[in-house]
Amino acid sequence: MADAGALADAGAQSGTPGGPGPAKLEDTSGWRCPEHSDRVVELFCRRCRRCVCALCPVLGAHRGHPVGLALEEAAHVQKRIQECLKHLEAKKQQQVGNITQIEEAAEKLKAHAESSKTWLTGKFTELRLLLDEEEALAKKFIDKNMQLTLQVYREQIESCGEQIDVMNKLSSRVWRISQEPSPVQLLQEYVATEQQMQQQMSLGELCYPVPLSFEPAKSFFKGLVEAMQSMLQTPLDVRLKENVNCQLSGSSSTKLVSLLKTSPSPERSLFLKYARTPTLEPDTMHARLRLSADRLTVRCGLLGRLGPAPELRFDKLWQVLGRDCFAAGRHYWEVDVQEAGVGWWVGAAYASLRRCGASAAARLGCNRQSWCLKRYDLEYWAFHDGQRSRLRPRDDPDRLGVFLDYEAGVLAFYDVSGGMSHLHTFRATFQEPLYPALRLWEGAISISRLP
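The sequence shown begins at 167 in the working numbering and counts up by one.
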């Protein structure tokens, strides 16, 4: 794309009103008439648009044509040329302004596209969490109803067993009666047992297990999948257009929203299923930092600690890593920054993050080994590998939620105090275990204890 300033400079050097003025008109005595070669041209034929001598309008081919003095005509033309140059310069500046405006629009478009992709990453993370929760609820529903029905089955089995015991006892008694050699004794014992025998002579009741089917649940989620597949088969641009039309008409764009719970921000309970309370490693923190007894709060001290420095310690930067690391699965922890003052860094890092010096290789978020959100004064940024993205939270967060899906390559940050509003999501292919990481400017930062 052309540079607007360069275009303006080029115009200033090409004889435009911003450059040198019009040339001074010279005497015409050096020019000879092409028809009367011994005569000097001093007139201008307006009809033929040619310079002629004084004889041409009287005796030559320009006889009777309107003429004027060449110097006067040249002065008039010079004036028109200057007017044309002014108009050209104005139009050129207009185009330079257009280029500047288009370049600004292009930069805004790039920033908007990047922020939209980041927003989509957060929403798809929320959608995966919703689907996971829906799967867990469906399985819990099946387990609960299965256990209730199994309890009924167990009670039925116990009832059948009790009846078998009764019949076994009666069978033994009747057999003993049948072996009685004395007719009188046999009759007496038979009479005493006759009523029980009569009761057992009738056919027993058949026991039918309580029927239970999970087909309704399977049918519901089959319909959910089919609805999603049907919707996704339509090209994305068509779906977006239909959604805009539905919004304008005030109707719902799809029935899918009625199948899943949706909200502007994810529920905190979705993340608390993966809750962790990682502690901090004292051997990694700078000598000016102090760690609480429960290893959850780190604060700035007035003086450095005495004694030999561990190899894992950050020797220049006020940073600390967690003691616990995550190399697989999903994990969620929260960080309280209410007492952190005007500046803080919250993120995650590999153990390979450099500990010596204050170069980019050691700074949280300035290398490939770490990711973080940074606040300084009133500005918020997301940092990784030296690249930064400006964040604009609705409010100043007091507590941050950090969600890690290691296999999916997702490290997402949320404003817990702001109703779990999404702040930023990093996408990466993690190569090493990740440790929670903090950096202080002043004050204190705490890992929140989660249930």
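Cβ atoms here follow ideal geometry from the backbone N, Cα and C, with glycine treated the same way.
Identified DSSP bridge partners for residue i
i: Gln553; result: His550
i: Arg593; result: Val576
i: Ala441; result: Tyr498
i: Arg565; result: Asp502
i: Lys540; result: Trp511 and Trp547
i: Arg456; result: Arg465
i: Asp571; result: Arg496 and Val576
i: Leu446; result: Gly488
i: Asp581; result: Leu566 and Ser587
i: Val233; result: Cys211
Whole-number beta carbon distance between residue j and residue i, since they are thought to touch under 8 Å
i: Ala528; j: Arg541; result: That belief does not hold up - the Cβ atoms of Ala528 and Arg541 are roughly 20 Å apart, past 8 Å.
i: Leu577; j: Ala594; result: 7 Å
i: Leu438; j: Trp510; result: 23 Å between Cβ atoms; not a contact.
i: Lys226; j: His253; result: Correcting the residue type first, residue 226 is Gly in the shown sequence and not Lys. With 8 Å as the limit, Gly226 and His253 do not qualify as a contact, their Cβ atoms being about 37 Å apart.
i: Phe380; j: Ile308; result: 6 Å
i: His452; j: Arg479; result: 7 Å
First through last residue of the beta strand (DSSP E) which encompasses residue i
i: Ala502; result: As written in the sequence, residue 502 is Asp, which differs from the Ala given in the question. Run containing Asp502: Arg496 to Asp502, per the beta strand (DSSP E) assignment.
i: Val512; result: Gly509 to Ala515
i: Thr463; result: Thr463 to Cys466
i: Leu352; result: That residue, Leu352, is in no beta strand (DSSP E); its alpha helix (DSSP H) goes Pro349 to Met367.
i: Ser612; result: Ala610 to Ile613
i: Ala603; result: Tyr601 to Leu606
i: Leu487; result: Gln485 to Leu487
i: Val218; result: Arg216 to Val218
Beta-carbon spacing of residue i, residue j below 7 Å
i: Ala515; j: Ser536; result: yes
i: Asp543; j: Val508; result: yes
i: Lys482; j: Ala526; result: no
i: Gln597; j: Leu530; result: no
i: Thr445; j: Leu616; result: no
i: Val512; j: Leu462; result: no
i: Thr450; j: Leu487; result: yes
i: Gly609; j: Ala506; result: yes
i: Arg454; j: Arg465; result: no
i: Phe569; j: Leu539; result: no
i: Pro232; j: Arg205; result: no
i: Leu378; j: Thr287; result: no
i: Val129; j: Cys214; result: What is shown of the chain runs 167 to 617, which leaves residue 129 out entirely.
i: Ala241; j: Leu209; result: no
i: Ala304; j: Ala383; result: yes
i: Glu447; j: Ser614; result: no
i: Ile343; j: Glu355; result: yes
Extent of the continuous alpha helix (DSSP H) run through residue i
i: Trp197; result: Per DSSP, Trp197 belongs to no alpha helix (DSSP H) and is neither H nor E.
i: Val207; result: Premise fails: Val207 is in no alpha helix (DSSP H) and is neither H nor E.
i: Arg294; result: Ala236 to Ser344
i: Ala393; result: Glu381 to Gln399
Separation of residue j from residue i, as counted between CA atoms
i: Met397; j: Tyr601; result: 40 Å
i: Trp285; j: His588; result: 8 Å
i: Gln313; j: Glu321; result: 12 Å
i: Pro430; j: Ala302; result: Interpretation of Pro430 is limited by its pLDDT of 49, a score under 50 that renders its predicted location unreliable; the figure taken from the coordinates is listed afterwards. Cα to Cα, the separation comes out at about 22 Å.
i: Gln248; j: Trp197; result: 25 Å
i: Asp571; j: His497; result: 7 Å
i: Gly552; j: Asn533; result: 6 Å
i: Glu573; j: Thr266; result: 44 Å
i: Leu296; j: Asn264; result: 47 Å
i: Leu336; j: Thr359; result: 9 Å
i: Thr291; j: Asp581; result: 15 Å
i: Ser435; j: Phe549; result: 27 Å
i: Ile611; j: Asp298; result: 31 Å
i: Gly230; j: Pro223; result: 6 Å
i: Cys326; j: Met367; result: 17 Å
i: Ser348; j: Val332; result: 26 Å
i: Ala277; j: Arg558; result: 13 Å
i: Ser338; j: Asn311; result: 41 Å
i: Tyr546; j: Phe492; result: 26 Å
i: Ser458; j: His590; result: 29 Å
i: Gln179; j: Ile268; result: For Gln179, the predicted model reports a pLDDT of 45, less than 50, meaning its position is unreliable; a value from the coordinates is still stated below. Distance between the alpha carbons of Gln179 and Ile268: 25 Å.
i: Gln259; j: Glu270; result: 17 Å
i: Met363; j: Leu353; result: 14 Å
i: Lys245; j: Val218; result: 22 Å
i: Asp460; j: Asp502; result: 15 Å
i: Val243; j: Cys250; result: 10 Å
i: Gln361; j: Ile323; result: 26 Å
i: Gln395; j: Ser282; result: 24 Å
i: Pro432; j: Tyr319; result: 41 Å
i: Asn334; j: Tyr440; result: 55 Å
i: Gly575; j: Val404; result: 30 Å
i: Leu300; j: Cys522; result: In the sequence under discussion, the amino acid at residue 300 is Glu, which differs from the Leu named in the question. Rounded to the nearest angstrom, the two C-alpha atoms are 47 Å apart.
Interface flag, residue i vs chain C, CB-CB below 7 Å
i: Thr463; result: Among the chains in the structure shown there is no chain C, since it carries only a single protein chain.
Check: residue i C-beta below 6 Å from any heavy atom of the ligand GDP
i: Pro232; result: Questions concerning the ligand GDP fall outside what the structure shown contains, since it holds no ligand whatsoever.
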